[in-house]
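In the working numbering, the protein residues as written are 1 to 205.
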């Protein structure tokens, strides 16, 4: 399916977490022929993202080295000075970042624990968002909304001054329409938080 009518979209990858339950940096774990961050960058690149950003902790030398290895532009790396405030703080850093390209009209928040999602799942979500351009869009599986979330420009603007504590709170409070895209991909309900999760999700590869 060609995304010929897809408006320019940006991608935010929150990469400032401590990966405490995994015991080592999640984004740097080997994944197929690359790393988790390499897989995420490749997927969203293939989907035609106009700009991809990675939000990182201050002085995260291992992640910086991997992004260098992947030829990921330094100009698209966003530092979160207070990563201990949680993932939503990284999203707020991205919302207030001045480096976004002007043509971008929507933003996908791509979590670092979903390298296993099928490309077709993400493509279906992007096509759904094109048909519901003014709404906050999420995939739905098993009766629950899942990630990644796609925010239209109005929602992204709301983020800048949000007083919400978490992304979930923000999504529930945002004064914008929301639309759920039913997707038959069981991977949407799986997270990669522990070494056991990582081994299980690697198995199909």
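C-beta: ideal position from N, C-alpha, C; glycine also.
Residue(s) in a DSSP beta bridge with residue i
i           : result
residue 79  : 56
residue 179 : 137
residue 36  : Answer is none; residue 36 lacks a bridge partner.
residue 145 : 140
residue 151 : 107
residue 30  : 35
Three-state class that DSSP yields for residue i in the structure shown
i           : result
residue 91  : helix
residue 205 : At residue 205, the pLDDT of 47 sits below 50, so the modelled position is not reliable and the matter cannot be decided from this model.
residue 9   : strand
residue 116 : coil
residue 45  : helix
residue 15  : strand
Own chain, CB closer than 7 Å to residue i, minus 5 neighbours either side, in chain order
i          : result
residue 81 : 58
Residues of its chain near residue i, where Cβ-Cβ distance is below 6 Å and the 5 sequence neighbours each way are ignored
i          : result
residue 54 : 13, 15 and 77
residue 25 : 19
Cut-off 8 Å between Cβ atoms - residues of its own chain near residue i, not counting five sequence neighbours on either side
i           : result
residue 196 : none
residue 156 : 95, 106 and 107
Taking three-plus beta-carbon pairs below 8 Å as touching, is the segment 114 to 128 in contact with the segment 176 to 195?
By the C-beta criterion, the segment 114 to 128 is judged to be in contact with the segment 176 to 195, since at least 3 inter-stretch pairs fall below 8 Å.
Between the segment 75 to 92 and the segment 12 to 30, do at least 3 Cβ pairs fall closer than 8 Å?
In short, these stretches touch, since the Cβ pair count reaches three.
Can we say the segment 49 to 58 touches the segment 98 to 112, given the rule of at least three CB pairs closer than 8 Å?
Three or more Cβ pairs drawn from the segment 49 to 58 and the segment 98 to 112 lie within less than 8 Å of each other, which places the two stretches in contact.
Under 8 Å, with one C-beta from each stretch per pair, do the segment 150 to 165 and the segment 95 to 106 reach the 3-pair mark?
Segment contact: the segment 150 to 165 against the segment 95 to 106, three or more CB-CB distances shorter than 8 Å; contact assigned.
Could you tell me whether the segment 127 to 140 touches the segment 34 to 45, where touching means 3 or more Cβ pairs closer than 8 Å?
Between the segment 127 to 140 and the segment 34 to 45 there are fewer than three C-beta pairs closer than 8 Å, too few to call the two in contact.
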